[in-house]
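Enquirer: Here's a structure for you.
Protein chains: 2
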Amino acid sequence: MIRKDDSDKFAGINANVQKCGIFSDKELQFFNNLLQYKEVPKKTFLLHQGEICRFEAYVVKGCVRVYFIDAQGAELTLYFAVEDWWVSDIASFQEHKPSTLFIETLEDSELLLLTLETKELLLKEIPLFERVFRLMVQRNLANLQERLFQTVTTSAVEKYLNFLERYPNIPNRVAQHYIASYLGFTPEFLSKVRRRLYK
Amino acid sequence: MIRKDDSDKFAGINANVQKCGIFSDKELQFFNNLLQYKEVPKKTFLLHQGEICRFEAYVVKGCVRVYFIDAQGAELTLYFAVEDWWVSDIASFQEHKPSTLFIETLEDSELLLLTLETKELLLKEIPLFERVFRLMVQRNLANLQERLFQTVTTSAVEKYLNFLERYPNIPNRVAQHYIASYLGFTPEFLSKVRRRLYK
DNA sequence: CGCGGGTTTGATGATGCTCAAGCCCGGTGG
DNA sequence: CCACCGGGCTTGAGCATCATCAAACCCGCG
Numbered sequence: 016m017i018r019k020d021d022s023d024k025f026a027g028i029n030a031n032v033q034k035c036g037i038f039s040d041k042e043l044q045f046f047n048n049l050l051q052y053k054e055v056p057k058k059t060f061l062l063h064q065g066e067i068c069r070f071e072a073y074v075v076k077g078c079v080r081v082y083f084i085d086a087q088g089a090e091l092t093l094y095f096a097v098e099d100w101w102v103s104d105i106a107s108f109q110e111h112k113p114s115t116l117f118i119e120t121l122e123d124s125e126l127l128l129l130t131l132e133t134k135e136l137l138l139k140e141i142p143l144f145e146r147v148f149r150l151m152v153q154r155n156l157a158n159l160q161e162r163l164f165q166t167v168t169t170s171a172v173e174k175y176l177n178f179l180e181r182y183p184n185i186p187n188r189v190a191q192h193y194i195a196s197y198l199g200f201t202p203e204f205l206s207k208v209r210r211r212l213y214k
Numbered sequence: 016m017i018r019k020d021d022s023d024k025f026a027g028i029n030a031n032v033q034k035c036g037i038f039s040d041k042e043l044q045f046f047n048n049l050l051q052y053k054e055v056p057k058k059t060f061l062l063h064q065g066e067i068c069r070f071e072a073y074v075v076k077g078c079v080r081v082y083f084i085d086a087q088g089a090e091l092t093l094y095f096a097v098e099d100w101w102v103s104d105i106a107s108f109q110e111h112k113p114s115t116l117f118i119e120t121l122e123d124s125e126l127l128l129l130t131l132e133t134k135e136l137l138l139k140e141i142p143l144f145e146r147v148f149r150l151m152v153q154r155n156l157a158n159l160q161e162r163l164f165q166t167v168t169t170s171a172v173e174k175y176l177n178f179l180e181r182y183p184n185i186p187n188r189v190a191q192h193y194i195a196s197y198l199g200f201t202p203e204f205l206s207k208v209r210r211r212l213y214k
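Chains as they are written, first to last, in the working numbering: chain A, 16 to 214; chain B, 16 to 214.
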């Protein structure tokens, strides 16, 4: 495993948290020291449904998919996390409950991990980080509300166009059927939507 | 306006926040003093789309509906808040952004309001309240994720049954077409679903 | 060269919407 | 006391959307 030098590795995540509060270099260093760097090959599970989620991960590089599967095999992709995103099942992580989600890398990925212990330590030492995480969850919630609304009210073509607009770089990186799974379509139907669109 | 005595009025909300941390009587009193009590008749708007949300409200009594409407007139009810629920557009409230939501009472209601100022004061004085609000938002997020999944993957009948199970007291209190709006159905279709179910 | 995963295509059917009409019931005015 | 009105719920016919299933295609890789 080859480690890049620290400035490289932490540049992204530090910029990310600086958007939610102002931290000194010293505080950032304390934060960075709590993070665990990990390289993960593609197609590996970070979390299985039924397990308790033990991490909150920042994606330095790569692509991760978070999704549900129910007893009948029906699937929905909750989101794709690429560079500068966080991934976790927050509810499972914080409340030690079995998760309902699967989390899986789609590409070879580099992650920075917080555990419950290091997160608690961080919050205790630098309470302003409470704000960082609260804002993250709030934005998440607002986005999800909007998505639910779109899911219920808009047509298939609109959904697909909205997706392209919101996540322009994703379609180049992930297989089409994953995007179908995000949109709540069958792969066949997404294919037909695209055909209608590009002619 | 008739005011109940304080123990009545604050009993619910104090029990509510005690579930997320342990507060002394003195701290609770400080908290209660920041709350603004308000009685609101039914069919009044607490928030219009486009406005900035200025409150976070705890429902002491009554029923409030939170919903989206888009340019085409398509509507989705995000949730109903009855006794012991909180209502707000958190994103708008915290980030001073115009809201995309409508919030409207369906019954005469009694509310306890926090403003941005009183909330900041509260968090500054009793930092443990950060935890209360973070947990609230996280649960909210987890619920919404589950709901999105159900919305995409389950049949109409299942959706309705899930709703009845999750919110058994709501159908007695709100008109059927509001429930249709929650489920993403037309009122006509919900009626047909119910007929299939009860025979 | 052939295999296998992913994507496309088409035929068919189920699901849920639209529109139009009728019904139920509580409230209001004659 | 009755007639009427209006909002909400129900019913039905017809239609659009999207899933299912089966087959073919495409292309990178062993």
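Ideal Cβ placement from N, Cα and C applies to all residues, glycine included.
Fair warning: this is a prediction, and the values are worked out from it, not measured in the lab.
Determine which residues of the stretch 173 to 200 of chain B have a Cβ less than 7 Å from any Cβ of chain A, and write them out in chain order.
Expert: Residues G199.
Enquirer: Kindly list the residues whose CB is nearer than 6 Å to the CB of T188(A), restricted to its own chain and excluding five residues on each side of it in sequence; keep chain order.
Expert: For this step, residue 188(A) is matched to residue 173 along the first sequence. Just to set this straight, residue 188(A) is Arg in the shown sequence, not Thr. Answer for R188(A): C78, listed in chain order.
Enquirer: Taking the alpha-carbon of N31(A) as reference, which of S107(A), E98(A), Q153(A), V172(A) has the nearest alpha-carbon?
Expert: As a working mapping, residue 31(A) is identified with position 16 in the first sequence. Measuring from the Cα of N31(A), the nearest candidate turns out to be E98(A).
Enquirer: Run through the DSSP bridge pairs and tell me what A72(A) is partnered with.
Expert: The residue you call residue 72(A) lines up with position 57 of the first sequence. BP columns for A72(A) point to V102(A), L128(A).
Enquirer: Kindly indicate which three-state DSSP category I17(B) falls into: helix, strand or coil?
Expert: To locate residue 17(B), count along the second sequence from 1; it is residue 2. Note that I17(B) has pLDDT 47, beneath the 50 cutoff, so the model's placement of it is unreliable and the number below is only indicative. I17(B) falls in the coil class under three-state DSSP.
Enquirer: Within a Cβ cutoff of 7 Å, which residues of the same chain sit near L198(A), ignoring the five residues on either side of it in sequence?
Expert: The count along the first sequence starts at 1 and reaches residue 198(A) at position 183. So the qualifying residues of the chain are K174, Y175, F178, L205.
Enquirer: Considering only their Cβ atoms, is the gap separating Y73(B) from W101(B) smaller than 8 Å?
Expert: Residue 101(B) sits at position 86 when you count from the first residue of the second sequence. Residue 73(B) sits at position 58 when you count from the first residue of the second sequence. Going by C-beta atoms, W101(B) is nearer than 8 Å to Y73(B).
Enquirer: My guess is that E125(A) and V172(A) are in contact by the Cβ rule of under 8 Å, so how many angstroms apart are they, rounded?
Expert: For the purposes of this step, residue 125(A) is taken as the residue at position 110 of the first sequence. For the purposes of this step, residue 172(A) is taken as the residue at position 157 of the first sequence. About 36 Å separates the two Cβ atoms, so there is no contact after all.
Enquirer: Please identify the residue among L61(A), Y182(A), L212(A), E54(A) whose C-alpha is closest to the C-alpha of K24(A).
Expert: Along the first sequence, one-based indexing puts residue 24(A) at 9. Residue E54(A) is the option with its Cα nearest to K24(A).
Enquirer: Between the stretch 143 to 163 of chain B and the stretch 47 to 62 of chain B, do three or more beta carbon pairs fall short of 8 Å?
Expert: No, the stretch 143 to 163 of chain B does not touch the stretch 47 to 62 of chain B.
Enquirer: Report all residues from its chain with a CB closer than 8 Å to the CB of G27(B); omit the five preceding and five following residues, and keep chain order.
Expert: Residue mapping note: residue 27(B) aligns to position 12 of the second sequence, counting from 1. The residues are Y73, V75, E98, D99.
Enquirer: In the DSSP assignment, the beta strand (DSSP E) including Q160(A) goes from what residue to what residue?
Expert: Looking up residue 160(A) in the first sequence gives position 145. Per DSSP, Q160(A) belongs to no beta strand (DSSP E); it is in the alpha helix (DSSP H), 143 to 168.
Enquirer: When you compare only the Cα positions, how much space is there between I17(A) and N47(A)?
Expert: Here residue 17(A) refers to the residue found at position 2 of the first sequence. Here residue 47(A) refers to the residue found at position 32 of the first sequence. Model confidence at I17(A) stands at a pLDDT of 47, short of 50, so the residue's coordinates are unreliable and nothing is read from them.
Enquirer: State whether the stretch 136 to 155 of chain B contacts the stretch 86 to 93 of chain B, with contact taken as three or more CB pairs (one from each stretch) at a distance under 8 Å.
Expert: At 8 Å Cβ cutoff, the stretches do not touch.
Enquirer: Starting from Q44(A), trace the alpha helix (DSSP H) in both directions and tell me its first and last residue.
Expert: Taking the first sequence and counting its residues from 1, one reaches residue 44(A) at position 29. Per DSSP, Q44(A) belongs to the alpha helix (DSSP H) from 40 to 49.
Enquirer: Helix, strand or coil for Q33(A) per DSSP?
Expert: The sequence position of residue 33(A) within the first sequence is 18, counting from 1. Here Q33(A) sits in helix by DSSP.
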